[in-house]
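Residue numbers (my numbering): -13 to 277.
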Amino acid sequence: MRSVHIAAVLVAAQVAPVALVGGPEPVHAQQVQRLPLAPIPPKGEPVAPFFEGWYRNDDGTFTFSFGYFNLNTREVLEIPLGPDNFIEPAEFDGAQPTHFPVRPRRDRGVFSVTVPASYGDGEQRVVWTITSNGVTYPVPARVFAPALQLDYGPRAMGSIPPLVRFDPEGEAGQHVQGVWGEPRTAQVGEPLTLRLWTEEVSVRDPEDLVNQVVDVEVTWFKHQGPAAPVEFEPWQITVEGGTGETTTAATFSEPGEYVLRARIDNWDANDSTGGDQCCWSNAYVRVTVTP
């Protein structure tokens, strides 16, 4: 728990506005700072990318986890991939979100980037840069600071991220890397049925009666796509006992190429919260929408 708090401080320190070579000048610090008790503006604020931490993988590679914070309370920001929303080196560009809602404003572990073992030197970086409402925020990710190292192991009471599948017999995904479903097609205004199968695999102490049965919640988001809303019905689904099938319908208002993301979490457990960087898994699917 203590290391997570330290990590949060270190990460927050990395997202102060800085000028990029060849990039837009950020708003001066005095223009973006507010008194601690000042009301949060409903709009006009930027989005800050966050480096959540790094994982060491069994094959020698490393995985960087990224999230974001929409500093507005009402303004939903759409920032397409390109000069205002990019990752360097370019080989890692493209997985980041383009849709930044206000529910939630702070979303952790939205996507990940896996880098070669050579990044273990602590010098090589993956940098996600967002420019919004006149402010540029770059956040560097690299293998450094033990306080920022995350792990795949169980939490204090046995929680680990649930498994998720797009097919009951298909490949299972877990953790921030998650799983990708087969690409889908849809038409504007016609609901697209999305099914997921979840499996709660946490290891509980038989004498821990409080955490024996934990529900899993599935929450759907637009991850990438045109600046148009996607309606999910329902938006959130509770799987009692953590294992079962879920169904939602996604309806698109404009044609284009989309990526949808589902977050599958067991945050009902006492040792599982987003702030502790556990315990959820991501599920992604590409959707081509025609008129």
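The beta carbon of each residue, even a glycine, is placed where N, CA and C say it ideally should be. These figures come from a predicted structure and were not determined experimentally.
Give me the Cα-Cα distance between residue i and residue j, rounded to the nearest whole angstrom.
i	j	result
residue 92	residue 27	15 Å
residue 123	residue 240	29 Å
residue 178	residue 235	5 Å
residue 253	residue 262	10 Å
residue 111	residue 77	12 Å
residue 200	residue 69	43 Å
residue 150	residue 249	10 Å
residue 104	residue 129	10 Å
residue 126	residue 115	9 Å
residue 165	residue 25	39 Å
residue 158	residue 22	44 Å
residue 202	residue 119	36 Å
residue 101	residue 220	36 Å
residue 152	residue 64	27 Å
residue 231	residue 71	35 Å
residue 31	residue 191	45 Å
residue 59	residue 20	15 Å
residue 75	residue 155	36 Å
residue 229	residue 222	15 Å
residue 269	residue 244	14 Å
residue 238	residue 214	8 Å
residue 169	residue 216	17 Å
residue 106	residue 90	32 Å
In terms of DSSP beta bridges, what is residue i paired with?
i	result
residue 42	48
residue 210	245
residue 55	34, 92
residue 174	According to DSSP, residue 174 bridges with nothing at all.
residue 98	51
residue 151	183
residue 264	259
residue 272	245
residue 251	203, 266
residue 216	238
residue 160	164
residue 225	202
So residue i and residue j are supposed to be a Cβ contact under 8 Å. How far apart are they, rounded?
i	j	result
residue 52	residue 40	About 11 Å separates the two Cβ atoms, so there is no contact after all.
residue 167	residue 211	Incorrect: roughly 16 Å between the Cβ atoms, too far for contact.
residue 274	residue 184	Wrong, their Cβ atoms sit about 26 Å apart, outside the cutoff.
residue 54	residue 88	Contact flag wrong, Cβ pair sits at about 12 Å.
residue 227	residue 186	7 Å
residue 260	residue 94	5 Å
residue 246	residue 271	5 Å
Is residue i close to chain D? Criterion is C-beta to C-beta, closer than 9 Å.
i	result
residue 191	The structure shown contains no chain D; it holds only a single protein chain.
Report all residues from its chain with a CB closer than 7 Å to the CB of residue i; omit the five preceding and five following residues, and keep chain order.
i	result
residue 66	84
Go through its chain and collect everything with a Cβ distance to residue i's Cβ below 6 Å, but skip five positions before and after it.
i	result
residue 218	206, 234, 236
residue 188	144, 145, 146
residue 181	233
residue 264	141, 258
residue 160	147, 149, 267
residue 277	174, 241
residue 279	What the structure shows of the chain is the stretch from -13 to 277, and residue 279 is not part of that stretch, so it cannot be assessed.
residue 163	98
residue 251	203, 266
residue 96	53, 83
Note down, in chain order, each residue of its chain lying with its Cβ closer than 8 Å to the Cβ of residue i, except the 5 sequence neighbours on either side.
i	result
residue 73	79, 80, 81, 82, 99, 112, 113, 114, 115
residue 136	38, 39, 40, 41, 51, 263
residue 108	128, 129, 130
Quick one: which unbroken alpha helix (DSSP H) runs of 4-plus residues sit fully inside the region 105 to 140? Chain order, please. Qualifying alpha helix (DSSP H) stretches: none in this window.
Complete runs of the beta strand (DSSP E) confined to the region 59 to 96 [at least 3 residues]: Within the region 59 to 96, the complete beta strand (DSSP E) runs of at least 3 residues are 71 to 74.
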